[in-house]
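Protein chains in written order, with this note's numbering: chain A, 222 to 557; chain B, 13 to 298.
Input: a single structure, listed below in structure tokens.
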Amino acid sequence: MRRLVLLTLCGWLASAAPAALAQKSVLLLNVSYDPTREFYQDINAAFATYWKGKSGEDITIQQSHGGSGKQARAVIDGLQADVVSLALAWDIDALHDKAGLIPADWQQRLPFHSSPYSSAIVFLVKKGNPKAIKDWDDLIRPGVTLVTPNPKTSGGARWAYLAAYGYALRKNSNSTNAANQFIGQFYQHAPVLDEGARSSAMTFSQRGIGDVLISWENEAQLVLNNFGDGRFEIVYPSLSILAEPPVAMVDKYVDRHGTRAEAEAYLKFLYSPQAQDIAARHYFRPRLPDVARQYEKLFPPMRLFTIDEVFGSWRQAQKTHFDEGGVFDQISRNRR
Amino acid sequence: MTRFPETAADKTRQHRTSSPLPGKRITLGFSVFYLSVIVLLPIAALVLRASHLSATELWSLATNARALAAYKLSLGASLVAALVNAAFGSLLAWVLVRYKFPGRQLLDGLVDFPFALPTAVAGLTLANLFTENGWLGKFLVPLGIRGAFTPLGVMIALTFVGLPFSVRTLQPVLENLDRGVEEAAACLGAGRLRTFVSVIIPTLFPTILTGFGLSFARALGEYGSIKFISGNLPETEIAPVLMVARLDQYDYTGAIAVAVVLMIFSFILLFTLNWVQGWAEKFQQA
């Protein structure tokens, strides 16, 4: 027994030693949400080159992806992320509220409420648009089935929900009753509510379920250009929401790892022309006007409302709509 | 799993022969330690976390409409799955033990398949099979039978994962069944049906019940396959999925409430199972 303990200890020491010696190169962990895999792969490579040139330091950035809420929870529960790049501000707020990992005013630390790129909610339909889906109203016509993730688990789905709800409010002169009814019907037309944006995209494009995918613009473009083989097309609704996926440095963990300078530089880099160009190539709407002009064709102008305009704030929207007993639960109860 | 009743002879034998493992105290001590670390510690951690919360808060979170619907589906679907397995698993066990036919060994091996297959793979495969465009769904969905993203799908997946439990529990008992008893029944003038109903079924019933209990317990705890076949819909939300959904919304208290209820379910099930097993042994010895 004692020998076993000794052996185990030796094993630990042996495995820990090389890690301690190899401190010269820096490691950052970026915990991100579902549809950013390919985007951050490119960003990380570009930043590593940039940082090597600037500071002479080798840097490796590891990525982790999943549903936005799940990812935030992993960080709260102890996944030591240096930076987080999630689908919505509420999930980063939780890092402050639940674990005190970041200050309350994190969103003011970087331009554009800490969202270096934006997106919108659009429709992806089959080539030729056989069901003639033009706008939100067409989604609740009899015989139309839609694919969208579950707002309880997916950040993108929450943006989609709020876009639909905001449209219904505008259309019915801000009547909450009418909007509740519309959103109820909306989810009646969903035969499956996947866990995240990427699984919904797969359900629609690979398994052939549904007539329309309610999706991030970037995810829709990705399906169109990478998995679609010309089988799909994008429909831009008359009104949608300005989706702003924010980024933040996790103060508590960068201080523990001694990576504050690197993490700050990494997030600032996202606003540089080079990173904005990468963002646009991955179908995120860039913030820099110069880059935006360059990619005008990719991003048709859309009428977009912000979450603050219609719902007050993410906290309020979360409480009214997605918390237990909120509007989404009420319309779900009618399904059971 | 099976409890062997100690007889007086066993007790004396224990003292006389030396055990092949050295040191009763060390092995016993280690066993207790091992069980504590592996089993008791996690349970204690859960109870400890729950004890920080007020009872009323826990109660309201454990019994709100969403949670009740989840228990109802969890218990209902597990019950259906266990019943189906008890019926068809028993038939399968009977065929595998009593009949010799080519491919029997292969069939016997297949029974373990749901054991070995990662449940996520099972869920994904079943979901693909039963969707509108799937091999089976193509024919079933036009008939109105939707086996994916519906409570029916949940039952199918739970039946799949629970099957080995009822078959494997019954098989050894069937093999050891004294055929002399059947012959005696026949000699006394009982027909085949009578022999089956009044001799074989009563002998096997406690074991079938145990198998039923095991596959019920397995179904109650299943998560991986349901994640896929339920389609994440509100109406197909089982209790373990609700727990994870609550965690994803940072609702730790709500998740613990469900966890505690699930733990109570498992305890009740465990004690019932043990009681049934004890009863079955007495019954079979008599």
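Every residue gets a Cβ at the ideal spot worked out from N, C-alpha and C, and that includes glycine.
Sheet register partners of residue i (DSSP bridge)
{"i": "A469/A", "result": "V305/A"}
{"i": "L345/A", "result": "L434/A, I455/A"}
{"i": "F100/B", "result": "F100/B is not bridged to any residue."}
{"i": "Y338/A", "result": "P507/A"}
{"i": "A464/A", "result": "S340/A"}
{"i": "L285/B", "result": "DSSP, once it has assigned bridges, lists no residue as partnering L285/B."}
{"i": "V368/A", "result": "L434/A"}
{"i": "V252/A", "result": "S285/A, V305/A"}
{"i": "L525/A", "result": "S461/A"}
{"i": "V247/A", "result": "I280/A"}
Cβ-based burial, residue i [other Cβ within 10 Å; buried from 16]
{"i": "H542/A", "result": "buried"}
{"i": "L434/A", "result": "buried"}
{"i": "S247/A", "result": "According to the sequence as given, residue 247/A is Val; it is not Ser. With 16 or more Cβ atoms within 10 Å of its Cβ, V247/A is classed as buried."}
{"i": "I280/B", "result": "exposed"}
{"i": "K294/B", "result": "exposed"}
{"i": "S66/B", "result": "exposed"}
{"i": "L103/B", "result": "exposed"}
{"i": "D476/A", "result": "exposed"}
{"i": "N395/A", "result": "exposed"}
{"i": "R536/A", "result": "exposed"}
{"i": "E483/A", "result": "buried"}
{"i": "A243/A", "result": "Low per-residue confidence applies at A243/A: pLDDT is 44, beneath 50, and the placement is therefore not dependable, though the value from the model is reported in the following sentence. Exposed: under 16 other Cβ atoms inside 10 Å."}
{"i": "N555/A", "result": "exposed"}
{"i": "W300/B", "result": "Given that chain B is displayed from residue 13 to residue 298, the structure contains no residue 300/B and the question cannot be resolved."}
{"i": "I404/A", "result": "buried"}
{"i": "W291/B", "result": "exposed"}
{"i": "N145/B", "result": "exposed"}
{"i": "G533/A", "result": "exposed"}
{"i": "Q4/B", "result": "Summary: the structure shown does not reach residue 4/B, with chain B confined to residues 13 through 298, and so no result is reported for it."}
{"i": "I354/A", "result": "buried"}
{"i": "F45/B", "result": "exposed"}
{"i": "L80/B", "result": "exposed"}
Amino acids of chain A, ordered along the chain, whose beta-carbon sits closer than 9 angstroms to that of residue i
{"i": "P246/B", "result": "N371, K373, Y408, L414, F549, D550, I552, S553, R554, R556, R557"}
{"i": "N140/B", "result": "R428"}
Partner residues on chain B for residue i, Cβ-Cβ distance less than 7 angstroms
{"i": "G290/A", "result": "D260, Q261"}
{"i": "K319/A", "result": "Y262"}
{"i": "A315/A", "result": "Y262"}
Cross-chain neighbours of residue i in chain A, by beta carbon under 7 angstroms
{"i": "F161/B", "result": "P412, V413"}
{"i": "N188/B", "result": "Under the 7 angstroms cutoff, chain A gives no residues; its nearest Cβ is about 40 angstroms from N188/B."}
Under 9 angstroms by beta carbon: chain B residues contacting residue i
{"i": "E545/A", "result": "L73, N76, R78, R258, Q261, D263, G266"}
{"i": "A441/A", "result": "Residues of chain B passing the Cβ test: none, with the nearest at roughly 20 angstroms."}
Which listed residue (the options) has its alpha carbon closest to that of residue i
{"i": "L367/A", "options": "G376/A, Q495/A, A385/A, S459/A", "result": "A385/A"}
{"i": "S553/A", "options": "R524/A, Q402/A, S340/A", "result": "Q402/A"}
{"i": "Q406/A", "options": "K518/A, D358/A, V346/A, P494/A", "result": "D358/A"}
{"i": "D263/A", "options": "Q284/A, P412/A, R330/A, I323/A", "result": "Q284/A"}
{"i": "F217/B", "options": "L182/B, L226/B, R191/B", "result": "L182/B"}
{"i": "L58/B", "options": "T284/B, M275/B, Q289/B", "result": "M275/B"}
{"i": "Y262/B", "options": "S340/A, D544/A, L383/A", "result": "D544/A"}
{"i": "A320/A", "options": "Y264/B, W291/B, P114/B", "result": "Y264/B"}
{"i": "P458/A", "options": "S436/A, K473/A, Y261/A", "result": "S436/A"}
{"i": "G451/A", "options": "V346/A, F260/A, R362/A", "result": "V346/A"}
{"i": "A341/A", "options": "I528/A, S534/A, I499/A, V548/A", "result": "I528/A"}
{"i": "N76/B", "options": "G201/B, K239/B, A251/B", "result": "A251/B"}
{"i": "F526/A", "options": "R258/A, I297/A, S461/A", "result": "S461/A"}
{"i": "L342/B", "options": "G225/B, F240/B, L95/B, S210/B", "result": "The structure shown does not extend to residue 342/B, since chain B spans only 13 to 298, so no value can be given for it."}
{"i": "F260/A", "options": "Q409/A, D279/A, H286/A, W272/A", "result": "H286/A"}
Residue i: contacting residues in chain B (beta-carbon distance under 8 angstroms)
{"i": "I430/A", "result": "T143, E144, N145"}
{"i": "R294/A", "result": "L259, D260, Y262"}
Where residue i meets chain A, residues with beta-carbon distance less than 8 angstroms
{"i": "G243/B", "result": "P412, V413, L414, D415"}
Residue i CB to nearest heavy atom of the ligand ATP below 7 angstroms
{"i": "F224/B", "result": "Only the bare structure without any ligand can be found here, which leaves the ligand ATP out of the picture."}
* **Three CB pairs or more closer than 8 angstroms across the region 295-305 of chain A and the region 246-258 of chain A** => yes
* Three or more beta-carbon pairs under 8 angstroms between the region 214-226 of chain B and the region 133-144 of chain B, yes or no? -> no
* Touch check for the region 264-272 of chain B and the region 42-55 of chain B: three-plus C-beta pairs under 8 angstroms? -> no
* Asked: Can at least three beta-carbon pairs, one atom from the region 442-460 of chain A and one from the region 173-192 of chain B, be found at a separation below 8 angstroms?
  -> no
* Asked: Does the count of Cβ pairs from the region 329-344 of chain A and the region 487-496 of chain A closer than 8 angstroms reach three?
  -> yes
* Asked: Counting Cβ pairs, one atom from each stretch, are 3 or more of them under 8 angstroms apart for the region 507-520 of chain A and the region 311-328 of chain A?
  -> no
* Asked: Is the region 367-379 of chain A close to the region 420-430 of chain A, with three or more CB pairs under 8 angstroms?
  -> yes
* Report yes or no: do three or more beta-carbon pairs, one from the region 32-46 of chain B and one from the region 245-259 of chain B, lie closer than 8 angstroms? => no
* Asked: Should the region 186-193 of chain B be called in touch with the region 114-130 of chain B, which here means at least 3 C-beta pairs below 8 angstroms?
  -> no
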